Structure formats: C-alpha cells, structure tokens
Amino acid sequence: MSYLMKNRSRIAAAGLALGVLGAAGGANAQEIKMWNLADAGGGEAEFLLDAAAEFSETHPGVTFVFETFPNEAYKTQIQIALAGSSPPDVFFNWSGEDAMRLARDGLALDLTEYANAEGGFAHEMSDGWLSSFAIDGRYYGMPTHAVSKYFYYSTAFFEEHGLSEPTTIAELGGLCTSIREIDSSIVPWPLGNNDRWKLNHLITMLNHRVLGDAGTAADYNLSAPADELFTNPGYVTAWQAVLDLQSAGCFEGAPNATAHESANAMFSAEASPMIYCGSWCAAQFHGEGFTEFGLFRLPAFEGGAGDPGAGFLVPTGYQVSAKTEHPELVAQWISSLVSDENAAKFASTMEAIPSNATLIDTVDGTEHYKWIAEDMASATGSVNVLDVLLENNVSNAYLDAGVEILNGTKTPEEVMADIRAVAIAAQDAM
Amino acid sequence: MNSPFGTQKQAGGRRTMSSGASNAILLLPALSLCMIFIFVPAMLAISGSLYSYGLTSPTRDFVGLGNYIKLVQDSIFWVSLKNNLIIVFGSIVLQIGIGCVLAAILDRGITFGSTFFRTIIFMPVIVSAVAVAVVWLIILDPNIGMLNKIVQSVGLTPPSLGWLGDPKISIWIVLGVAAWQQTGFMMVLILAGLQGVPQERYEAAALDGARGLRAFWYITLPSIRNILIVAVLITTIGGFKVFDFVFVLTKGGPANATQVLGTYTYLQAFTLGNLGYANAIAVVLLLIAVLIGWLQLKVSRQA
Amino acid sequence: MMSKFRITKIALYGIMILWSTFVLMPLVWMVLASFKTRREMFTAPYDLPSALTLDSFERAWGVGLGWFIANSALITVSSVGLIILVSGTAAYVLARAKSVWLRMAYIAIVVGFAVPVAAVIVPLYQMVSAAGFVNSYVGLIIVTSAYGIPFTVILFFAFFLDFPKELEEAARLDGCSKQQIFFRIIIPLSGPAVASAAIFQAVFVWNEFLLALLLLNSPGRKTIPVGILQLQGEFTSDWPAIMAGLSLATVPLLLVFIVLQKYFVRSLAGLGK
Amino acid sequence: MSFLEITNIVKDYGAFRAINDVSFSVEEGEFIVMVGPSGCGKSTLLRSLAGLEDITSGSLILGGRDITRDEPADRGVAMVFQNYALYPHMTVAQNMGFGLKMAGQSKADVKVAVERAAKTLRITDHLHKRPKMLSGGQRQRVAIGRAITRSPDVFLFDEPLSNLDASLRAQMRVELGHLHAELGATMIYVTHDQVEAMTMASRIIVLNGGDIEQIGTPLELYNKPANRFVAEFLGSPRINLFDGKIAAINAQTASIKIDGIADHLEISLSSDSGPMASGDKVTVGIRPESINDTAPWKIPAKISVIESLGRETLFYVNADPVKTLDPDAKDPLFAVHKSNQITAQIGDDISLGIPQEGVFLFNEAGETVRYPITQTAP
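Residue numbers (our numbering), protein chains in the order written: chain R, 13 to 442; chain F, -16 to 286; chain E, 121 to 393; chain L, 771 to 1148.
Shown next, in the form of structure tokens:
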C-alpha cells in the first residue's frame, strides 16, 4: 500500500506539472471536458469510458476529461463554471428551469442543427423526449434518460407483519402508525432532509396529487397574476398532508438533521422498512447487498385533482457550453451516447430509463429495473420536481419551507405566505 | 592616506538606487497583490451592489440602493448578522476564556505532562475546518451519532430535532465545534504570554500577599493584556470571517437559522444567482472589516 | 495544608484531562472508524473495529486523495513562499518607514486582514475568471497569497521594529543596498519570524476552503478541504471511507505537528508583541 | 585645505535642531574625540559623517572629495558601533571581510586583508568563530577589525568601549592608542567618558546642545576651558564652583566677596583675563587637586565623606555657608583631592585653602574671565 501511495503521488506530481503547462498553453483543440453528477452510480463512469474509447476510434485525436461533482455542489459549480472562463464543453443537467435559464442567458448552446444533422440525436428519440430540453422547438440539450421516484419497502417486513401497499396518502399514514405499533423505535420512513431536497420531492408529488397539473402550472412558471400567485388552498393542503404523515409517526425524529445518505443506509441496513427514493436508488441498494424489496408509486390523495397515474419524472441529459471550441465534435459525442446500442448499454449498467428505448427489450435488467421501466412506460403523466422546475429564489423558498414545516417552526399557511412573497418578488424581477 | 593596508578603491561604477525606488521594489509586490485581490474586488463589490444581475445573466440593471432597501427588510440578513455576533462574542467567551484557564494551568498549575496536554489540545488547530466539520457532522448525527449516545448514557434526552436540525440550538453547536478547534490556539497564544511574565513579579506579589487566583487576577491578567487584546482581535475577525464550519455543518440551515453573512453572501451569489444582492450583503461585511481594522490599529498603537 | 494542595493539583489535572479527552475523542474515533466495515458503523459505531482492514483506505484513496494531497502541497509550498517573500520585504520597508504614504500603506494592509474572502468573493471570482485563471494553480496561488499577506506583514512588522538598527547601519557602511541589507542581513537573522509566518500561512493555505472551492473546480485540481467535501458527497453512506479519507488527509499533518510542535508554540509567542 | 573639512553642518529633526551650524577641520592622522552630555549631538554628528543620517545643510569634504551626499559605503569611512553590530550569522572572518566582498574585491584579496587585520588585533585564532562565542572584549576587537579591514580614510567610533567593564575599558583605551599610532589613521571618536577623551585624543571637541563649546588638546581644555561648561565637563571629581561678587577691581587684581566669609578673595589678573567690573556677579572655580592647606585664604569646613583610594584620597567637605554649585548634589559639598593617604576622620574640622593661582572665574554668561596661572611641572 505504501509503495502504491508513493508511486501514485509521483505520478500525481508529474501530472500536476503537465496540468500547469496545459493551463498556461491553452486547452487542447481536441479535448472534450465533460461534467457529470458524482453519485449517479459507479456504472456511469465505466459506460462513459467505454463509449469514449469507441468514439475515439472514429474520431482519432480526441481526448476526454471526465469530472464529477456531488449533487448539491453540482448545481452551484456548474453555474459558476459556465459563467467563468473555464467551463466544461458538455455537462449533465436536469431538465427544468435551470437548464432553460442557461439557454436564455446564452450559456447553453443551441444544438438544433447538430441534432438534426446525420447521426444527430434528434433521430434517436421521440419529440416528447426532445421537448424536455427545448425552447420554441430549439434544442438546448439532449436528454439521455429520466429518473422517477418510488416507495421502496422491505418485502420481508411487510410479509411478516401482514402489511400491504397503501392506495391513498391517508393509508400511507396508517401504514406508518401500524409500523410504530409493532415497534415504536422503528422509523417507518426515514426522510433524510438535511439537504432539503428529499421533502421537496415529496411535496412536489403531493402538490400534484392535490392540485393537478392545471392547478399548479401558472404558479410554477410565475405566469399567474401577482395577487393570485400560490394562493390556491391546495398548497396548504399538501403541506398539511406532510404534517399528517409526520404525526402518523412516519419520519425519523430529526429529519432536517439527517443526511439522505443516512436515510438510505437505514433502509438498506433493514433498520427501516420503507423509503421514498429515486429510481436510481434500486441500483444503489443492490450495490449495498440489499435486494429484498418491493416498489410502489406515491398513492393518490383522496379528493385531489391530480391524476394518480402520473409519475414523478425528471428527464436528465447533457447540455453543451456555448463557449466550447468544437461544438460539432461535442454534439457528435453526445449523440453517440444515445445510439441504439449505447442507450441499451446505458440502461443496463445504470438501471435507468433511456431516452432512446429502441433496444430496451434486449436489456437484461433486474426485476426491479423491469418493474420501474414498465411503470414509467405506463405512467399517464409526468411531474417535474420543484427544485429544478421553479425559479431559483422560489425554489429556495420552497426548500426552506419544507424545513420549517418538519421542524414545526411555521405552519403551512405561514410558509405559503413566505413562498408567495418570494414568488411575487421574482415575478417582479422578470 | 598612509594606512599600512593601502587605500580601499571605491568602486566607481556602483551607484546605489535611490531610497524611494528600492522601497518601491520591496513594497510593491505585496501592496499590489493586496490592492488587486482585496481592495479592487471590495470596490467592485460596492459598485456591484447598486445593480441587479445574475451569475449567468449577460446584462445588469442599475437599481441604485434597491438592494440595500431589500437588505434591511430581509429577516435572513438580520439573522445572519446576529449569528456572526453570537459567534464573535461566544468565541471570545469560550475560546479565550477556556484558553486562558487551560494556559494558566499549564503555566503554573501543573508541571508533569504539560507538553503532552499542550500538544493534544493544540492538535485540532491544524486540521482543516472542513475535515473538522465532517467528523462532527457524523458525531452529531441524530440517528447514529456519538453525542446522542453520550447524552443518553447520562440519562438526558437529546434534542428531538437533532443537534443541527433544531433552529434554536444549531448555532450554539456551530459555536461549540469552533471552540473545539480553536481553543487550543488561544491557549497556546496566551501561554506564550504567560511565560513571558517574569517569575520575580509573582514572587513580589507573593510577598505582598497575592497568591493563587488573586495573583492570577492582579498580576497575570494585567501582564498579558497585550496578548489578550490580540486574541480578542483575532477572534473577532475570525468570527466575521467564519464560513467553512457553517457551510459544511449546516449550509446555513435549518431554514437559515445558522446563516452567517459569509454563507448568506455565498447562497445569494452562487446558489440563487443574485449577484447584486450578494454584493450588498458583502458591503456590510466590508464595513465591519474596516471598523475592526481601525480598532486593531487603535489598540495596537496603544499596546 | 498538604491535602488542600493535593486537591487543587488533582482538580487542575482533572480539567486538563477533561478538555484533552474532549479534543482527542473525535480524532481518535475518526481513525478508528476508518478501519470499520460499513455495517459495523451502524451496528457498533463506537466499539473498536473487529479487524484492521485497509479497504476503506483504498476506497478513499481511489477518489484521488493522492491528487488532492499533491495539489495542496504544491499550492501550499508556492503560496507560503510567495507570501513570506513579498510580506517580508514589504514589512521591512513599512517598519522603517517615516513617510505618511507608507504609513497609509501599512494601515491599508492591516485593514485588509479583516476583509473576509466571502465579502469579495463575487467580484473576485469574476476578475479571476475574466483573466482566464479559473482552474489554474497560478491563479489560486496568487489569490490565496494575497489573503495571506496582511497577517504576515503584521507579524513581520512587529519583528522588524525590534530588529537592531546598528546591524543595518553596519551593512550600509559595508556597502549594502536596501535589498542587499534585507536579503543578506535581515533574512538570515529572521529565522524565528520566518518560521512563525511560514507555519501560520502553511496552516492557512493548506486549510483554505472558499477560494479553492471556487477557483479550482475540476476534480483533478482540488485541494484537500474541497476534496474532503467531494469525498463526503461521493461516498453517500460509506462513512468508513470518508473517515479513512479524513484520516489520510489529517493524520500525517498531525504527526508533523507533533514532531515540530515546539516551533508551532514558539511561533505564537511573536504574536503578542 | 585640511584632510577632513566639516563646514556649517545643520541637522534638524522636524522642529528640533540636533546640530546647529557646526564647522571644524581634522588633519590627517589626528585622533579627534567628541565629548558632551547625552543629547548634545555628538552621535548625530558622527552618524552624519558616516552618512547614516542625511544632514539638513552643510558640507563634508574628505581628502578633497565632497562626500556630503555620498552613500555611507562610498565615503571612505568605517564605523565601530557601541554594541559592536557584528552580524550574528557570519563568522568573524566573514564579518570582517563583508565590506570588501560587497565592494567586489576578490576572495583572495579579502582573505589577505582580513588576516592582516586579525593579526594586528590578535584575533587570528577566532576567525572561524561566530560572534556569540566571543567575549565582549573580543567582539570589540572584531568590530574594530571589521573597520580596519576596509582601510578607510577615517575611522568613526561611537562609544565603542561603553559596554565593557572598567578594567577591560582601560586596557582597550591603551590598545586603541597603540592602534592609532600603528595605523597612523585618522580617527573620530565619540564618548561621554571624559577619561577616554583626556587619555586618547589628539584634540577634543566638546559639544553641548548641538553647538561646539570648544576644540583643543586635552590639556588646553583642562587648563583653559573656554567656559564654565567645559570646565565642569572635564575633570573628575568635578571642579568646585561657588558664587562670588567682585568687590573691587583694577588692572592687576580683583577682590571677590564670598557670602559668609569675612575676608575677600584676592585674585591677580593678567592679559588673558576677560572684562570684569566691580559689582559683577562671578562664579569662582577651583579644581579639587588645587585645594591645599597652605593657601592664605581659607574656608572653614567639616569632613562629610572620605574615599580612600590607597595612592590618593578624595574627601568631600561641608563648607557651609559656602555652597558649591552642583545641581545634582543634595548637600553641595566641596571635593578635595590629595595625592597621598590621610588620617583625618569624618566629622573633623578642617580649613580649605584656596590658592589664588588655581582659581577660575566665570562671568554670568558662563565665559571664563580668569584662568589659573599655569604651573608647569619642574
């Protein structure tokens, strides 16, 4: 080990020297720098390296630099890097307001021509997928896959105690109460909200279940008149649902101080029987050696306007920096990532739902993957998550509101008043 | 000249530089670095605070004092300022207070093992605040954290919202973690001062009947007055500079309860993209910095 | 009388042991936890590890900890060198200054010490970015150095005020220019002050976070504090790996400190002047 | 033109004038000692010569060269500092050779010069040592050696012996005297110790408040001080002074009335006496060694303190109501010097015989108006 360390640091030192020279001499004309999310799973790195090797065969002289960032840091760093002098050529992004703002501010490249060129990604996927990164029919990004969110539950625990999947939010609360009755020290559903987005994903879905798409759209894109913004009592109802779940004993005692990693670990270590987690979590749980779980969609809200068939769906993909020195090459590179073969390969290594589903049936995924793929295909609608959908300040206010609600420091009415104030200010600034 | 060693030849060509020019050569590198990277950005922050613009937006709009008007109405700004003050005064009490006690014990209270204790207690100072915060993050974890276990083992109930999740106590936890790291620094700083107090002074005091705590109060403290002033200044400046601890421990949460001016500037600038507004917060920090700098000069001249 | 004396002694030792334990526990736990398995972290987080496995160290190292350490070392050595050099020369001029302008320059530098990086980070980032120095070691080294200068100037200023004037005068008679006096007479005799400043700045630069976070954003160029944060983000619930990474990043430094602690302590003595 | 011409030197520190229009000249090979109380400007003057202080106005000509604005190293002067100012990080040899090295001389030349100087000062054995390994006296030698190595036109000494103990100081005085003779070099030496001035100087310059009071050989200054300040400054114990009033005067004699003494003190006058008039207040001066038992004019007194030094004896007597004008003493006592041992006891009554030949008179402005009649040794 110590020999290895020594050797590596020598290599590191040599690399540093080169790096300094590189920085001084300007970027290599054939270098593609690509940013990705760090905790997307180990499979992604391998997939990209393989794809890069393949791409280099047809495009000799191209080199790749892959850089990754953890979730929270990513959102900040990508903005900083794009505004700065040394942005990546191509970068991961969620479809949503952030991606659109980068397009509007001229930092994300218009890829329409490249996408429609021969071999371009526009030929690989449906218009529905393409629209996730489009403004007025112009493509400012290329979706690779979508993520969703489900309840994961321990099948062994549910069987042992005769529990069943809930069909309404109220039943979900009842489920928590039952679990607490079995053993009050068990946290039925660890939230892990210390990064704030865990509850944000839940409230996204609750807003939808209560208000429906039509009830929220004008508020979310700030197009409603100022005196009507976020005034729908449904928002308060959704928050109240969170409070009801909390008082039903669902969450851990200190959700705002618990990391989502801890919450995940509580589930995979079978300390907790249930968790609301992204579609990407299945691969993670498998990786941690826990496979005995089932899945269900967030249930309906009685009397809610939302379509219970609609699922949480965030398309994700790549955008290209407007400052890249070789846009065509970069466009070819990302297009190659959604070729039939690569898309299938991506789907199988990542257990993800690819934007190009041509060869999806050939993918030999796990049971859980197949379940998720089927469910997403059968969804009758899609709900994008608030923290990428809303304008930055409103999104932040919504994130903070979740913390206040869970801590009991503000009532649903109070947090909605806060959000409304921020939304009005943001609308003003537009 | 009839020196037996002959006359020293004056090197004719040598012409020494004028005093002004050589002053400039020696002074300018440091001065220009400070100017370019501290004062110019400070000026830009002041001018930038009069505009509204985003991190990625291509244009900026002049809003005059608009950002400042928003600032005084922004409760999170006042919470941040209050938190900075809590950290400043709390750190003075904890770090300098405890540091003083520990230093006094090391100086005259105990002999055996004093180097050992001094080394241990100073150790956290050289660990980066980020690493300190990450370790504490896990210790403070409400589900598996050590602190909960310890508190429960003595029969107390840990806060139900978590040490860092409860807005009423989270800022005090940040303060405590900072004290865990920095007290050793203050202890060693004060110890250095104590060791400069001549033994005769204590002997004279003993003859005058002042021993133990009275000697500490009447002899020791006045003797290390200068070092205490330096310690208070460093702590005050550090209290307004605080960023890393908060950023890693709480990111300003829960719901901005631990936000400080530094992290709030960062949040507004880089997370929310309100650069103009972030600059207005920064200007407040700058004003405080100038005030402290002025105080520092005042007392250092006096000292 | 004797017993009162002993009780006092025991109480004093009690206080020292209490605080030392408080300080030591997290550090010891950090190291112990690095040897645990992930399951052990949950089942028995505060027991001794069942077996001394180095797995978590390998996982942590795999993130590029070696790079982080190398980056931090490069940046620390360069910045500290630069800081000492320019602060030393500047403080020398300022300590000997009689003119109002130089007096004002000193005041400006002192005020600069109180300016938090966070307060100027927005324009600073834009300036560095506009100059094309984002992601460049040189950029970070220069900017970090700028923030290390004020404190170092203050430190050297106090030292030079006490420096025997006759030595400089003797050197002038011996034909030294101001620069020669500084480099041939003052610097060789400023060992304690230089060591003091170097130690302070090494700790400051090594641990500097905000500038490194913003100015070096590609993972290959990260410094230790930023790398640790990445480690924390990347290893989700793999706490043994995080603790192993933290141990690798801090324990060598702690050992260096224990060996050199005498000098650290001495270096602080200069501050009270 | 003299070797070193110092003309109209003025040095101001803001509103404070440290040196007030000072001029003098120095011949080659002279040993000039500048004395005066602290703050008199002697060190400032020396440092101005060295170039360590910029003078406000005036000029310095050394060997025909105007060095007024030259850099210190270019003036052809070397200086020995009070606290030696040796570079602690260099060996003795490096210390001594540093000036030549900076002047660009070859290593070999530097070595030769250093070794020669070391031999002169008998410090050859210490050349490889660091200054902190040396005793005070050795350090002093090295400091002098550093000056010698550079073969300057003028040596400047700034109270070089004040950090040494008494016996070493006496020894170094002799050695410096030898060195001056051996090198034949021009030396300017600042001290506040009048013994050093008296023993070593070819000429003494007495400075006071930025002005030169008098320049002359040691004996000239001792015997013919231009004023009361110089008379008081030179001589140990200090000259005894007391008030008097001229009761009567003519071309040959003056009769002085001393309060409390019935008989007038009769003084003979000569051509070098200054103007005096009847009724003038004067200060009478008498050196301790001039007081004897045989003089006709006597003051009754009582012995207060006896200092028996073996070979000689000093005693201090209370001559009330005649008080000496010593601002520092609580009981203004007369000092008396006897060049033998005495048997008297404290409390004994004696008479102080004041021989009129030994009397100084100073007018109200402090100028000397009557010198003692010089007695040359047989």
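Heads up, the beta-carbon is just placed ideally off N, CA and C, and yes, glycines get one too.
These numbers were taken from a predicted model, which means no experiment stands behind them.
- prompt: Is F:A116 closer than 7 Å to F:F228 when the C-beta atoms are compared?
  reply: If you number the second sequence from 1, residue 228 of chain F lands on position 245. If you number the second sequence from 1, residue 116 of chain F lands on position 133. Going by C-beta atoms, F:F228 is nearer than 7 Å to F:A116.
field: Three-way DSSP call (helix, strand, coil) for R:E152 in this model
entry: Stepping through the first sequence from its first residue, residue 152 of chain R is reached at position 140. For clarity, residue 152 of chain R is Tyr in the given sequence; the question names Glu instead. Of the three classes helix, strand and coil, the one that applies to R:Y152 here is coil, per DSSP.
query: For L:S937, does the count of other Cβ atoms within 10 angstroms reach 16, so buried, or fall short, so exposed?
result: Taking the fourth sequence and counting its residues from 1, the one referred to as residue 937 of chain L is at position 167. The residue is exposed, with fewer than 16 neighbouring Cβ atoms inside 10 Å.
message: Do R:D122 and R:I44 have their beta-carbon atoms positioned less than 7 Å apart in this structure?
response: Residue 44 of chain R sits at position 32 when you count from the first residue of the first sequence. Residue 122 of chain R sits at position 110 when you count from the first residue of the first sequence. No, Cβ-Cβ distance for R:I44 and R:D122 is not below 7 Å.
- request: Could you name the residues of the stretch 292 to 304 of chain E whose beta carbon sits closer than 9 Å to any beta carbon of chain L, in the order they occur along the chain?
  value: R292, L293, D294, G295, C296, S297, Q300, R304
Chain L contact for E:F384 (CB, 7 Å cutoff): Here residue 384 of chain E refers to the residue found at position 264 of the third sequence. Closer than 7 Å: no.
message: Distance cutoff 7 Å, beta carbons only. Does R:T88 sit that close to anything in chain F?
response: Within the first sequence, numbered from 1, the residue matching residue 88 of chain R stands at position 76. Yes - at least one Cβ of chain F is within 7 Å of the one on R:T88.
message: Just verifying my parser: in three-state terms, what is the DSSP assignment at R:V32?
response: If you number the first sequence from 1, residue 32 of chain R lands on position 20. Because R:V32 carries a pLDDT of 38, less than 50, the predicted location of this residue cannot be relied on, and no value is offered for it.
- request: Can you tell me which of E:S297, E:Q246, E:V231, E:R292 puts its alpha carbon nearest to the alpha carbon of E:G268?
  value: As a position in the third sequence, residue 268 of chain E is number 148, starting the count at 1. Closest by alpha carbon: E:V231.
field: Residues near F:L147 in its chain [Cβ-Cβ closer than 7 Å; skip 5 each side]
entry: Looking up residue 147 of chain F in the second sequence gives position 164. Excluding positions up to five away in sequence, the list reads L123, S153, I156, L232, T233.
Burial state of E:W326 (16 or more Cβ within 10 Å): Numbered from 1 along the third sequence, position 206 holds the residue referred to as residue 326 of chain E. Looking at its Cβ environment, which holds 16 or more other Cβ atoms inside 10 Å, E:W326 is buried.
task: Figure out for me which residue from R:S348, R:E403, R:L325 has the closest Cα to the Cα of R:A134.
output: The count along the first sequence starts at 1 and reaches residue 134 of chain R at position 122. For R:A134, the nearest C-alpha among the options comes from R:S348.
- request: Report the rounded CA-to-CA distance for F:L64 versus R:E177, giving the unit in angstroms.
  value: As a first step, residue 64 of chain F is located in the second sequence; it is residue number 81 there, counting from the start. As a first step, residue 177 of chain R is located in the first sequence; it is residue number 165 there, counting from the start. Rounded to whole angstroms, the separation of the alpha carbons of R:E177 and F:L64 is 48 Å.
message: Measuring alpha carbon to alpha carbon, tell me which residue in F:G245, F:A272, F:Y260 is nearest F:N66.
response: For this step, residue 66 of chain F is matched to residue 83 along the second sequence. Measuring from the Cα of F:N66, the nearest candidate turns out to be F:G245.
query: What three-state label does DSSP hand E:S249 in the structure shown?
result: In the third sequence, the residue the question calls residue 249 of chain E occupies position 129. Three-state DSSP puts E:S249 in a helix.
message: So if DSSP puts R:P366 in a beta bridge, which residue, or which two residues, is it bridged to?
response: To locate residue 366 of chain R, count along the first sequence from 1; it is residue 354. DSSP, once it has assigned bridges, lists R:H157 as partnering R:P366.
message: I'd like the list of long-range same chain contacts for L:M970, defined as Cβ closer than 8 Å, with 5 residues on each side in sequence excluded.
response: For the purposes of this step, residue 970 of chain L is identified with residue 200 of the fourth sequence, where counting begins at 1. Closer than 8 Å at Cβ, skipping near neighbours: F801, V803, R943, L946, G947, H950, Y959.
query: Are R:P327 and R:A158 close, meaning C-beta to C-beta below 7 Å?
result: Taking the first sequence and counting its residues from 1, the one referred to as residue 327 of chain R is at position 315. Taking the first sequence and counting its residues from 1, the one referred to as residue 158 of chain R is at position 146. Cβ atoms of R:P327 and R:A158: closer than 7 Å.
- request: Would you mind listing the alpha helix (DSSP H) stretches within the stretch 291 to 357 of chain E that are 4+ residues and don't spill past its ends, in chain order?
  value: 311 to 327, 330 to 335, 344 to 354
task: Please confirm whether E:G353 and R:P82 have their CB atoms less than 7 Å apart.
output: The count along the third sequence starts at 1 and reaches residue 353 of chain E at position 233. The count along the first sequence starts at 1 and reaches residue 82 of chain R at position 70. Contact: yes.
- request: May I ask which residues mark the beginning and end of the alpha helix (DSSP H) holding F:S30?
  value: In the second sequence, residue 30 of chain F corresponds to position 47, counting from 1. F:S30 -> alpha helix (DSSP H) spans 23 to 31.
- request: Hey, could you find the ends of the beta strand (DSSP E) E:P284 is sitting in?
  value: Within the third sequence, residue 284 of chain E is the residue found at index 164, counting from 1. Element bounds for E:P284: n/a, residue is neither H nor E.
message: Comparing C-alpha positions only, which one of F:V71, F:T248, F:L174, F:T254 sits nearest to F:T39?
response: The residue given as residue 39 of chain F occupies position 56 in the second sequence. For the residues F:V71, F:T248, F:L174, F:T254, the minimum Cα distance to F:T39 belongs to F:T254.
- prompt: CA-CA distance, L:I974 and L:V796?
  reply: Taking the first residue of the fourth sequence as 1, we reach residue 974 of chain L at position 204. Taking the first residue of the fourth sequence as 1, we reach residue 796 of chain L at position 26. The straight-line gap from Cα to Cα measures roughly 11 Å.
message: Between E:S249 and chain R, is any beta-carbon pair separated by less than 7 Å?
response: Along the third sequence, read from residue 1 onward, the residue named residue 249 of chain E stands at position 129. It does: the Cβ of E:S249 has a partner Cβ on chain R nearer than 7 Å.
Rounded separation between R:E4 and R:T156 - CA only: This structure cannot settle anything about residue 4 of chain R, because the visible part of chain R is limited to 13 through 442.
- prompt: Within the chosen definition, does the stretch 55 to 69 of chain R reach the stretch 356 to 363 of chain R through at least 3 CB pairs nearer than 8 Å?
  reply: Under the 8 Å Cβ criterion, the stretch 55 to 69 of chain R counts as touching the stretch 356 to 363 of chain R, having at least three qualifying pairs.
- prompt: Can you list the residues of chain A that R:N83 reaches, using a CB-CB cut of under 9 Å?
  reply: The structure shown contains no chain A; its protein chains are R, F, E and L.
query: With a CB to CB cut of under 7 Å and the five nearest residues on each side skipped, what residues in its chain are close to R:G414?
result: Counting from one through the first sequence, the residue named residue 414 of chain R turns up at place 402. Cβ within range, chain order: N205, R208, L211, N212, I215.
field: Runs of alpha helix (DSSP H) wholly within the stretch 991 to 1032 of chain L (minimum 4 residues, chain order)
entry: 998 to 1003
query: Quick one, which of L:P1045, L:S1006, L:F1085 has its alpha-carbon nearest L:N1020's?
result: The residue given as residue 1020 of chain L occupies position 250 in the fourth sequence. Residue L:P1045 is the option with its Cα nearest to L:N1020.
- prompt: Considering R:H4, what are the terminal residues of the alpha helix (DSSP H) in which it resides?
  reply: Only positions 13 to 442 of chain R appear in the structure, and residue 4 of chain R is not among them; the question remains open.
- request: Scan the stretch 194 to 265 of chain E and note each continuous alpha helix (DSSP H) run of 4 residues or more that stays entirely inside, going in chain order.
  value: DSSP runs (the alpha helix (DSSP H)) wholly in the stretch 194 to 265 of chain E: 220 to 234, 237 to 250.
query: Would you say E:E286 reaches chain L, if we count a Cβ-Cβ gap shorter than 7 Å as a contact?
result: Indexing the third sequence from 1 puts residue 286 of chain E at position 166. Closer than 7 Å: yes.
task: Compare the Cα-Cα distances from L:Q1022 to each of L:L897, L:S1043, L:G1014, L:H962 and report the closest residue.
output: Counting from one through the fourth sequence, the residue named residue 1022 of chain L turns up at place 252. Ranking the options by Cα distance to L:Q1022, first place goes to L:S1043.
field: For R:F302 and R:F103, the rounded distance between their alpha carbons
entry: Looking up residue 103 of chain R in the first sequence gives position 91. Looking up residue 302 of chain R in the first sequence gives position 290. C-alpha separation (whole angstroms): 32 Å.
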